[in-house]
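These notes concern the structure reproduced below.
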Amino acid sequence: MQDVDTDSIVARIEELEWERGRIRSMRRSAVGSCTWIIERSKSISGYHETSARAFDPEPFDKEKDLRNRLSRIEAELTDLRSKLRATASV
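The sequence shown begins at 277 in my numbering and counts up by one.
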(Lines of atoms letter the chains of each structure in order from A and count residues from 1; the text may use other names and numbers.)
(Lines give C-alpha, C1' and ligand atoms only; values in the text may rest on other atoms or scores of the structure.)
Protein backbone atom coordinates (compact mmCIF):
# COMPACT_ATOMS: atom_id res chain seq x y z
CA MET A 1 0.00 0.00 0.00
CA GLN A 2 2.88 2.35 0.82
CA ASP A 3 4.31 1.87 -2.72
CA VAL A 4 1.04 3.09 -4.26
CA ASP A 5 1.28 6.31 -2.24
CA THR A 6 4.91 6.80 -3.25
CA ASP A 7 4.14 6.18 -6.91
CA SER A 8 1.22 8.60 -6.89
CA ILE A 9 3.29 11.25 -5.10
CA VAL A 10 6.14 10.88 -7.61
CA ALA A 11 3.69 11.03 -10.52
CA ARG A 12 2.09 14.19 -9.11
CA ILE A 13 5.51 15.80 -8.57
CA GLU A 14 6.43 15.09 -12.20
CA GLU A 15 3.10 16.51 -13.36
CA LEU A 16 3.57 19.67 -11.28
CA GLU A 17 7.15 20.15 -12.46
CA TRP A 18 5.97 19.98 -16.08
CA GLU A 19 3.19 22.49 -15.34
CA ARG A 20 5.67 24.77 -13.54
CA GLY A 21 7.90 24.81 -16.64
CA ARG A 22 4.92 25.59 -18.86
CA ILE A 23 3.80 28.45 -16.60
CA ARG A 24 7.31 29.90 -16.43
CA SER A 25 7.40 29.95 -20.21
CA MET A 26 3.97 31.60 -20.40
CA ARG A 27 5.04 34.11 -17.75
CA ARG A 28 8.13 35.12 -19.73
CA SER A 29 5.83 35.78 -22.68
CA ALA A 30 3.43 37.82 -20.52
CA VAL A 31 6.27 39.88 -19.04
CA GLY A 32 7.53 40.58 -22.56
CA SER A 33 4.07 41.83 -23.51
CA CYS A 34 3.98 44.08 -20.45
CA THR A 35 7.37 45.56 -21.33
CA TRP A 36 6.27 46.23 -24.91
CA ILE A 37 3.09 47.95 -23.72
CA ILE A 38 5.03 50.18 -21.31
CA GLU A 39 7.54 51.15 -24.01
CA ARG A 40 4.75 51.78 -26.52
CA SER A 41 2.86 53.92 -23.99
CA LYS A 42 5.98 56.00 -23.38
CA SER A 43 6.50 56.64 -27.08
CA ILE A 44 2.85 57.60 -27.65
CA SER A 45 2.21 59.89 -24.72
CA GLY A 46 5.52 60.95 -23.25
CA TYR A 47 7.85 59.33 -20.78
CA HIS A 48 5.89 59.80 -17.54
CA GLU A 49 2.37 59.60 -18.87
CA THR A 50 0.36 56.62 -20.01
CA SER A 51 -2.33 56.97 -22.60
CA ALA A 52 -5.57 55.30 -21.51
CA ARG A 53 -6.09 54.09 -25.07
CA ALA A 54 -2.62 52.58 -25.30
CA PHE A 55 -2.65 50.91 -21.90
CA ASP A 56 -4.03 47.38 -21.88
CA PRO A 57 -4.07 45.84 -18.39
CA GLU A 58 -4.76 42.30 -19.67
CA PRO A 59 -1.09 41.17 -19.94
CA PHE A 60 -0.42 42.54 -16.45
CA ASP A 61 -3.42 40.63 -15.07
CA LYS A 62 -2.28 37.51 -16.92
CA GLU A 63 1.23 37.79 -15.49
CA LYS A 64 -0.20 38.23 -11.98
CA ASP A 65 -2.44 35.18 -12.44
CA LEU A 66 0.51 33.12 -13.69
CA ARG A 67 2.63 34.28 -10.74
CA ASN A 68 -0.15 33.19 -8.33
CA ARG A 69 -0.51 29.80 -10.05
CA LEU A 70 3.25 29.33 -9.88
CA SER A 71 3.22 30.08 -6.14
CA ARG A 72 0.50 27.49 -5.55
CA ILE A 73 2.42 24.88 -7.56
CA GLU A 74 5.64 25.62 -5.63
CA ALA A 75 3.76 25.21 -2.33
CA GLU A 76 2.24 21.91 -3.43
CA LEU A 77 5.62 20.65 -4.67
CA THR A 78 7.20 21.50 -1.32
CA ASP A 79 4.42 19.66 0.51
CA LEU A 80 4.64 16.59 -1.74
CA ARG A 81 8.43 16.41 -1.48
CA SER A 82 8.24 16.53 2.32
CA LYS A 83 5.63 13.72 2.25
CA LEU A 84 7.91 11.72 -0.03
CA ARG A 85 10.88 12.22 2.32
CA ALA A 86 8.71 11.18 5.28
CA THR A 87 7.59 8.05 3.41
CA ALA A 88 11.18 7.19 2.48
CA SER A 89 12.41 7.56 6.06
CA VAL A 90 9.79 5.14 7.46
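The C-beta atom is built at its ideal place from N, Cα and C for all residues, glycine as well.
With 16 or more other Cβ atoms inside 10 Å of its own Cβ, glutamate 339 counts as buried. Excluding sequence positions up to five before and after threonine 363, its CB lies within less than 8 Å of the CB of Gln278, Asp281, Thr282 and Ile285, all in the same chain and listed in chain order.
Nearest C-alpha to arginine 304 among Leu360, Ala351 and Phe336: Phe336. The alpha carbon of aspartate 341 has as its nearest neighbour, out of Ile299, Glu295, Glu293 and Ile289, the alpha carbon of Ile299.
A distance below 8 Å between beta-carbons, with the five flanking residues on each side excluded, links arginine 345 to the following residues of its chain, in chain order: Ile299.
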